[in-house]
Amino acid sequence: MDKLNITHLAKLSQLALSDSERAHVEQDLAHIIDMVDHMASVDTNSVEPLAHPLDAVQRLRPDEVTEEVNRNRFQRGAPATEAGLYLVPRVIE
Amino acid sequence: MIFPGIRDIAAALDRGDYSVRELTEQCLSDARTANERLNCLITIADERALAQADAIDRARARGDTGTLAGVPLVHKDIYCTEGLPTTCASRMLANFTAPYSATVVERLDAAGMVTFAKANLDEFAMGSSNENSHFGAVANPWDTDRVPGGSSGGSAASVAAGLTPVATGTDTGGSIRQPASFCGISGIKPTYGRVSRYGMIAFASSLDQGGVLARDVEDLALVLGAMAGYDERDSTSSSHDDAWLEGVSHTGVGMPDRSLTIGLPLEYFEHHTGSVALVDAAKATLEAAGARFVDVSLPNTAAAIPAYYIIAGAEASTNLSRYDGVRFGYRCENTDSIEELYERSRSEAFGAEVKRRILTGTYALSVGYYDAYYLKAQKIRRLIQNDFLRAFESVDLLLTPTTPGVAFRRGELTGDPVAMYQQDVYTTPASLAGLPAMSLPCGMHERLPVGMQLIGPHFAERALLQAGALYQRETDWHSLTPDIGEHPSADSPVQKEES
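Residue numbers (the working numbering), protein chains in the order written: chain R, 1 to 93; chain P, 1 to 499.
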């Protein structure tokens, strides 16, 4: 196994790890990856991957409006809003 | 209070032994006292419960109610409940109130069940011990130094301690069956797609399935019958009808209509623990009641844990990307950039296990690793399902231990995630295959409950429940209750209901 690039992995996961967290995470992940590497010993040649336990396909429905968006109600749980908009730090200078 | 079965509660309400309001007030008061010791509840919902209770008392007076009307209920705090906090035991959602209710909540409300509390769980249902909760660990009512199992640990502890006759749970890799086993109660995870996932906070969407925890099989069936069934709001909801399950409140579970052939998968009996001896005794009981046993082999069992942790992690890393500190949930303070807002909000609000799962899943999905991990795990998932399908060509059900051992001590496995993951060795295979599975109490080992697992073919809930009813007719392990005397109380962060 390659050396884990925790910095890259944390970036992809949108997580900021403290130095002490990083050491623990690195060790735990190494153990977890050792465990999952046992999968390599199973012969899966010509086996179809199973993505859904009942092999169901995505159901489609007629393209009709079925519910109203109630923005006020949904924004009640938002940390910061103004005039119906979600507030975030400046993205475009 | 030690609850009689749901039918006995309904009969007592019909006779007027007590009103729904009186029953609900008793539940609220018992819950508050017991929770100081067990920490099994996150929210106690006085106002909602009493309003529901009064409405059911009025409906009962009109004769306008079914078997479940007025029966107390605890929901795992992963089901969205409009007007009540839904925390998923995470700091991320500690102040979240859902703007709508889950289908499961709506259906059990409509059946007249009275939700008086929401149960503690492992954060986002990730865990096997209920130690990963932002609101603190849950104690096992049989021994408060031990874990109740997880992730539906609060639900299981609430039923075992007699706070409620029934609780909802969810099961992704064993989260109903393992805590049911550790707490000496019954718990069923139905076939994938049987219970709607709408409003059930997502962990691993191809595995997550709602279910029930109660003292016996009859109560499991009554509540499952009311919450199961097709839901157009869940794209993975199954349209496979089950008239028997829908009518079970009228017919009762009943006994199997013919002699059952039950398979014993060799791979589940390799480790000779105390549990295995008790499952052997259960086999003898079922044999005496007319069942025939045969040995079967499920050769890919050992690969289930790695495949499960890759698939569940991958799906979790995707599902949990929605927590961004912008639209709902926790937001960090004083940020200069949107990237920092995302990263710090998530890092400050997710617990260690949730971060581990997100990182594992991200690793498995990242460039260069996808084939070796995610795709490989999905292929193993197929092999595991094929093992089961082959076994079910010659047997009706499978009997196994639910867990490798009894409830372990709090803190015993927290430093070793891989050892913790191995707790799910007997429950993850049925999850990967999408099969219905149930844990029933089958004895005591060193004064702690032991559970056995019955696994059935897809949509064979009837066979599963009837076999369970047969076993519980012959035994009384399910009626044992822990001694819940006075113990030193712990701090309990029960939330106040929103008004």
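Glycine included, each C-beta is placed from N, C-alpha and C at the ideal position.
For the C-beta of Asp28(R), the chain P residues within less than 7 angstroms are, from N- to C-terminus, Arg356, Pro417. For Thr33(P), the enclosing alpha helix (DSSP H) stretches over residues 20-38. Among the residues of chain P, none has a CB under 7 angstroms from the CB of Val65(R); the nearest is roughly 15 angstroms distant. Taking 8 angstroms as the CB threshold, Arg331(P) lines the interface with chain R. Residue contact check for Ala11(P) against chain R: no CB pair falls below 8 angstroms. Beta-bridge analysis with DSSP links Thr115(P) to Leu73(P). Each residue's CA atom was taken as its position, placing Arg258(P) and Leu464(P) some 13 angstroms apart. The DSSP-derived three-state label of Ala228(P) is strand. Residues of chain P with a Cβ closer than 7 angstroms to the Cβ of Glu48(R) are, in chain order, Arg382. Closer than 8 angstroms to the CB of Leu413(P) there is not a single CB belonging to chain R.
The alpha helix (DSSP H) runs lying completely inside the stretch 12-75 of chain R and spanning 4 residues or more are 19-36, 71-75, given in chain order. At a Cβ-Cβ threshold of 8 angstroms, Val88(R) and Leu220(P) do not count as neighbours. Here Gly149(P) is buried, its C-beta having at least 16 other C-beta atoms within 10 Å. DSSP, reduced to helix, strand and coil, places Ala437(P) within a strand of the structure shown. Below the 9 angstroms Cβ cutoff, chain R contributes no neighbours of Lys118(P), its closest Cβ being approximately 17 angstroms away.
Counting only the Cα atoms, Thr115(P) lies some 29 angstroms from Arg473(P). Per the Cβ contact rule, the stretch 433-453 of chain P is in contact with the stretch 281-293 of chain P (3 or more Cβ pairs under 8 angstroms).
The DSSP-derived three-state label of Asn334(P) is coil. For Ser158(P), the uninterrupted alpha helix (DSSP H) run begins and ends at 153-160, by DSSP.
For the pair Lys118(P) and Ile42(P), the Cα-to-Cα distance works out to about 6 angstroms. DSSP, reduced to helix, strand and coil, places Glu218(P) within a helical segment of the structure shown. Within the stretch 176-217 of chain P, the complete alpha helix (DSSP H) segments of 4 residues or longer fall at 177-183, listed in chain order. Pairing Ile484(P) with Thr164(P), the inter-Cα distance amounts to about 14 angstroms. His250(P) counts as exposed, since fewer than 16 other beta carbons sit within 10 angstroms of its beta carbon. With its beta carbon at least 8 angstroms from every one in chain R, Gln423(P) lies outside the interface. Within chain R, the residues placing a beta-carbon under 8 angstroms from that of Gln385(P) are Leu50, Pro53, ordered along the chain.
Nearest Cα to Cys183(P) within the set Ala437(P), Arg381(P), Gly162(P): Gly162(P). Shown here, Leu397(P) sits in a strand according to DSSP, grouped into three states. Contacts between Phe328(P) and chain R, judged by CB atoms closer than 7 angstroms, involve Gly77, Ala78 in chain order. Of all residues in the stretch 11-23 of chain R, only Lys11, Leu12, Ser13, Gln14, Leu15, Ala16, Leu17, Ser18, Glu21 place a beta-carbon less than 9 angstroms from a beta-carbon of chain P. Only buried fits Val25(R), as 16 or more other CB atoms lie within 10 angstroms of its CB. CA-to-CA, the gap between Val217(P) and Leu12(R) works out to about 45 angstroms. Take Arg22(R), set aside five residues on each side of it, and the residues of its chain with a beta-carbon closer than 7 angstroms to its own are Ile6, in chain order.
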